[in-house]
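The opening residue of the sequence shown carries number 0 in numbering that gives the first Met the number 0; numbering runs sequentially from there.
For glycine and all other residues, C-beta sits at the position ideal for the given N, C-alpha and C.
Just below is one structure, and these are the notes that go with it.
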Amino acid sequence: MEKQFYDIYEKYHQNLFQFLFYMVKSREHAEDLIQEVYIRILKSYHQFENRSSEKTWIFSIAKHVAFDFFRKQKRWKHRISDSFDGETNLISDPAPLPEEIALQNESIQMMYRCLDKCKLDQRLVLILRYIQSLSIQETASVLGWSEGKVKTTQHRALKTIRTLMQNEIEKGEENCGKIRLER
C-alpha cells in the first residue's frame, strides 16, 4: 500500500490541493482537508473496485470531504450566531481572502471573485472541468451525476460567470470614469 499511496500522492496532490483550495478559499483549511482525503484513501483503498478511474474516485472522496467541511461550518456558524449578538460582537475571519492569495493578474482575480459568486454546483463543475481538466464523464463520475446534468450545469455556470465578469468590467469602467471626472 505504501507504493500505491506514494504514487497517488505524486500524481494527484497538486490537483487535489488546488481543488480543495478553490472550494474552501483558505490555505489552512485546504491543508487540513487534504490530510482527511489521504486518510480516507488509505482506509478505503482496498475497497476501490476500478469501476471508475482512480482519479475520479479520489476527486469524489475530496468532494465528500469538502461537503463535510461545509456542513460542519454551517453548524458551527449557526451555533455561533445563536450565542452572539451580531451587532455587539463582531467576528472577523483572520484567514486571507482568496483575492489576496490569487495571482496579481486582475483578470484572474476578477474570474476568481466571480467564481466565488456562482452557485456551489456551478463552482464545482467549473473547477473540475476547467481548472482540474476533467472530462464531462469524469466530472459526472466525481459528482455522482449524469453527463447531461454536468453539461447543463456547465452551460449555466459559464453563462453565469460571463454575466458576472461583464458586470465587474462595467463596474470597473464606471469607477474609472468617476476617477477621471473627480480630477
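Residue i to residue j, Cα distance in whole Å?
| i | j | result |
| --- | --- | --- |
| Lys-24 | Phe-18 | 10 Å |
| Gln-3 | Ser-145 | 29 Å |
| Gln-121 | Thr-152 | 6 Å |
| Lys-148 | Leu-142 | 10 Å |
| Gln-108 | Glu-30 | 22 Å |
| Glu-137 | Thr-55 | 6 Å |
| Gly-171 | Ser-51 | 45 Å |
| Lys-183 | Val-36 | Here the chain has residues from 0 to 182 only, and residue 183 is not among them. |
| Ser-82 | Thr-162 | Only weak support exists for where Ser-82 lies, its pLDDT of 44 falling under 50; the value from the coordinates is given anyway. Each residue's Cα considered, the two are about 38 Å apart. |
| Phe-47 | Ile-60 | 11 Å |
| Leu-123 | Asn-49 | 23 Å |
| Asp-73 | Val-64 | The sequence given here places Lys at residue 73; Asp does not occur at that position. Roughly 14 Å separates the two Cα atoms. |
| Ile-90 | Glu-1 | Residue placement at Ile-90 is poorly supported in this model, since its pLDDT is 47, which falls under 50; the coordinates are not used for a value here. |
| Gly-85 | Lys-71 | For Gly-85, the predicted model reports a pLDDT of 43, less than 50, meaning its position is unreliable and no value from the coordinates is stated. |
| Ser-106 | Asp-115 | 14 Å |
| Ile-192 | Ala-139 | There is no way to answer for residue 192, as the model of the chain reaches only from 0 to 182. |
| Lys-10 | Arg-155 | 31 Å |
| Asn-14 | Phe-66 | 18 Å |
| Tyr-5 | Phe-16 | 16 Å |
| Arg-26 | Lys-62 | 16 Å |
| Ile-160 | Glu-53 | 30 Å |
| Phe-20 | His-45 | 27 Å |
Please say whether residue j and residue i have beta carbons closer to each other than 8 Å?
| i | j | result |
| --- | --- | --- |
| Ile-135 | Lys-118 | no |
| Ile-57 | Ile-7 | yes |
| Met-22 | Met-110 | no |
| Cys-113 | Glu-169 | no |
| His-12 | Phe-68 | no |
Would you kindly report the start and end of the unbroken alpha helix (DSSP H) that includes residue i?
| i | result |
| --- | --- |
| Cys-113 | 105-116 |
| Leu-125 | 119-125 |
| Gln-136 | 135-142 |
Given the structure, does residue i come close to the ligand SAM, in the sense that its CB is under 7 Å from one of the ligand's heavy atoms?
| i | result |
| --- | --- |
| Glu-105 | Among the components modelled here there is no ligand, and therefore nothing to report on the ligand SAM. |
Contact between the stretch 37-45 and the stretch 127-134 (3+ Cβ pairs under 8 Å): Counting Cβ pairs under 8 Å, fewer than three are found: no touch.
Could I get the ranges of all uninterrupted alpha helix (DSSP H) runs contained in the stretch 11-53, with 4 residues as the minimum, in chain order? If we require 4 residues or more, the alpha helix (DSSP H) runs fully inside the stretch 11-53 come out as 26-43.
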